[in-house]
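Right, one structure below, let's go through it.
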Amino acid sequence: MKDLLRKKIDLITKKEFKIEKLEYDILIPEREELGDFSTNLAFILAKKLGKNPKEIAENIAESNLLLSLQEIEKIEPCNGYINFFINPVVYEKELNIILRDKSKYGSLAVGKNRKVQVEFISANPTGPMTMGNGRGGFSGDTLANILKKNGFDARREFYINDAGNQVKKVLAKSIYIALGMDIELIEGEDFYKGEYIEYVARKIKKQKGIDWINTHMAKTGEMAAKIILDDFIKKDIKFFGIKYDRWFSEKSLYRDGIVEKMWRYFKSKNLVYEQDGAYWLKTSEFGDEKDRVVRKSDGEFTYMMSDVAYFYERFSMRKFNKVIMLLGADHHGYVGRAQAIVEILGHKGKLDIILTQFVRMIQNGVEVKMSKRKGTFITLREAVEDLGVEAARYFFISRDFNTHIDIDLDIAKAQNSKNPIYYIQYASSRINSILDKTKTQNLKLKKSGQKSKIEFDKYELSVIKKLSVYPQLIREIGESYEVYRLANYTYELASDFHKFYEGCKIIGDERQDIRIKIIKATAFILCDALKLMGIDAAKSM
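According to the UniProt record's numbering, the sequence shown is numbered sequentially starting from 1.
Below, the structure is given as structure tokens:
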């Protein structure tokens, strides 16, 4: 419906005001008396034309292009805004479409099967995952699902940082320290420590022995990284319910000669220059704040060349139309150089980077930083185990990426309506309870022999309206990546359903048939929306 309104409004601005491609909003008003949709178009036009927005709104409200639409019951100008009231017949038709399409309702073809890669988490294999990894992980997983719902060929990928020598050296020294071995220490040098390092050290010692460890520092670090990846990161990701399409090894970029190929390309195109013995890539010519070192004076490539090779491999070899990366906000300095690399490679506009703010666990008004069991900083796995996977998935995506998330454990664990995921699942449980009764009582919906206009009461209409915006929501999230809106939507739908459930008699009422239809439609949409977030709709509670 929103698309239809926009199409007609665009025609009006072109025909009546000779203006094309105007940016304006069409929103759902917070108050019911203001209609089903409202636009600020008149204010935007008033700025351009130097006229009164109220007069413009009144003129547009009288346009035959809008009044001729059967879908619109009435149009009301209100203090410069234009409010649209939709004909209830539209919602009746939409209800029947939902019952026909079931879980496919909201599935779109806008993506045209174009290839999109969603890269998320990609944590360094140096220790268990952090809370920040969880936000990117659950958001990335949900976003990939929504992109698929939009018709994109979306692929999930984890980039394994397994080629850097510095990480391996620090890991190896950490293993040596954990095993009580003699090692030359540099003042101020930091190491990894904790139960997990002791576990890794014991495992390497058991498999290889002290003598091997003592004479193979680099391989010890490499082996430690592999154990951390396999025994911690991959196991945790499986526990969280995330399934990657590919685990991509940084080492393969060197093994397959892609890094060397990119180096030769930069040299041939005069994109690098030598300074102080090192080679610098001219990223500042492509929007970066400064040039970047890609090859050190000792001849070793920097991690920057791995990034270059990985972007080349994704865009030029695997032919992704778009790459979306989810990173913690502390990676903000990476954005400029990454976009510069992509532009150098000829793929400007194909990379989107989402920066996510941090997540904190709060209990009794105080941040929970330490694990009660171990006395160390809380890991993502411990946090998710404490919350439960489904609650964690909901809370970790429930806010805009630019907003910090404070998860109140007292609320997140509450078995009442203060806990949003409980409130949503309770709606699902109520839905299934009613549908089970219709089966046990063998209730069958009557098929009307003649078409007649259905009058909906306020509770019924509120639920149907919320259901009918689902396709538009899916499309908008596919464009904006604002996955938090899906979490909000499920809560709002649950709220409307609870009011409907408590305000309407269902079984045995003269409106039983239409209300059961509404309940069935709600079941399809709520179940699908939760599934996109990686959550199973509750059958009972």
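Glycine included, each C-beta is placed from N, C-alpha and C at the ideal position. None of these values were measured; they are calculated from a predicted model.
Proximity below 8 Å, CB of residue i to CB of residue j
i: residue 192; j: residue 170; result: yes
i: residue 328; j: residue 136; result: yes
i: residue 358; j: residue 138; result: no
i: residue 143; j: residue 118; result: yes
i: residue 461; j: residue 519; result: no
i: residue 345; j: residue 311; result: yes
i: residue 475; j: residue 321; result: no
i: residue 80; j: residue 54; result: yes
i: residue 354; j: residue 307; result: no
i: residue 279; j: residue 294; result: yes
i: residue 41; j: residue 72; result: no
i: residue 56; j: residue 22; result: no
i: residue 158; j: residue 326; result: no
i: residue 291; j: residue 284; result: yes
i: residue 287; j: residue 336; result: yes
i: residue 153; j: residue 116; result: yes
i: residue 432; j: residue 316; result: no
i: residue 437; j: residue 507; result: yes
i: residue 61; j: residue 52; result: no
i: residue 499; j: residue 459; result: yes
i: residue 384; j: residue 151; result: no
i: residue 125; j: residue 229; result: yes
i: residue 92; j: residue 454; result: yes
i: residue 473; j: residue 521; result: no
i: residue 39; j: residue 26; result: yes
i: residue 548; j: residue 205; result: Because the chain in this structure spans residues 1 to 541, residue 548 falls outside the shown range and cannot be described.
i: residue 245; j: residue 100; result: no
i: residue 538; j: residue 494; result: no
Identity of the residues DSSP links to residue i by a beta bridge
i: residue 77; result: 82
i: residue 405; result: 359
i: residue 280; result: 273 and 293
i: residue 428; result: For residue 428, which the question treats as bridged, DSSP gives no partner whatsoever.
i: residue 352; result: 324
i: residue 261; result: For residue 261, which the question treats as bridged, DSSP gives no partner whatsoever.
i: residue 117; result: 155 and 323
i: residue 366; result: 363
i: residue 72; result: 86
i: residue 497; result: Answer is none; residue 497 lacks a bridge partner.
i: residue 301; result: 295
i: residue 38; result: 27 and 83
i: residue 249; result: 160
Nearest-angstrom Cβ-Cβ length linking residue i and residue j, presumed shorter than 8 Å
i: residue 129; j: residue 380; result: 4 Å
i: residue 282; j: residue 218; result: With a Cβ gap of about 33 Å, residue 282 and residue 218 do not count as contacting.
i: residue 75; j: residue 82; result: 7 Å
i: residue 401; j: residue 98; result: Not confirmed; about 30 Å, so no contact.
i: residue 253; j: residue 338; result: Actually they do not touch by this definition, with Cβ atoms about 16 Å apart.
i: residue 378; j: residue 94; result: That pair is no contact at about 45 Å.
i: residue 535; j: residue 394; result: 6 Å
CA nearest to the CA of residue i, picked from the options
i: residue 163; options: 42, 311 and 259; result: 259
i: residue 483; options: 51, 18, 104 and 147; result: 147
i: residue 334; options: 289, 315 and 360; result: 289
i: residue 406; options: 276, 230, 392 and 535; result: 392
i: residue 439; options: 106, 516 and 26; result: 516
i: residue 489; options: 513, 424, 506 and 509; result: 424
i: residue 247; options: 202, 304 and 161; result: 161
i: residue 127; options: 185, 224, 38 and 349; result: 224
i: residue 299; options: 12, 78 and 263; result: 263
i: residue 176; options: 16, 221, 230 and 471; result: 221
i: residue 330; options: 347, 356 and 324; result: 356
i: residue 106; options: 506, 500, 535 and 478; result: 478
i: residue 360; options: 156, 237, 240 and 132; result: 132
i: residue 319; options: 178, 512 and 347; result: 347
i: residue 470; options: 457, 456 and 487; result: 487
i: residue 48; options: 77, 67 and 13; result: 13
i: residue 90; options: 102, 78, 174 and 69; result: 69
i: residue 226; options: 211, 197 and 496; result: 197
i: residue 313; options: 301, 362, 363 and 249; result: 249
i: residue 78; options: 6, 29, 429 and 122; result: 29
i: residue 202; options: 178, 33, 398 and 187; result: 178
i: residue 65; options: 5, 429, 251 and 242; result: 5
i: residue 265; options: 245, 242 and 305; result: 305
i: residue 301; options: 261, 369 and 15; result: 261
Beta carbon proximity, residue i to chain D, threshold 8 Å
i: residue 320; result: This model lacks chain D altogether, as it is built from one protein chain only.
Margin query: So within the segment 138-193, which uninterrupted alpha helix (DSSP H) runs reach at least 4 residues, ignoring any that extend past its ends?
Written below: Taking only runs of at least 4 residues, the alpha helix (DSSP H) segments lying wholly in the segment 138-193 are 165-178.
Notebook entry, point to check: Could you give the uninterrupted runs of the alpha helix (DSSP H) lying entirely in the segment 447-488, keeping only those of 4 residues or more?
Noted result: Unbroken alpha helix (DSSP H) runs of no fewer than 4 residues, entirely contained in the segment 447-488, are found at 458-468 and 470-480, following chain order.
Check: What are the start and end residues of each continuous alpha helix (DSSP H) run of 4 or more residues lying completely inside the segment 211-242, in chain order?
Finding: Every unbroken stretch of the alpha helix (DSSP H) spanning 4 or more residues and falling wholly within the segment 211-242 is given here in chain order: 217-228 and 234-239.
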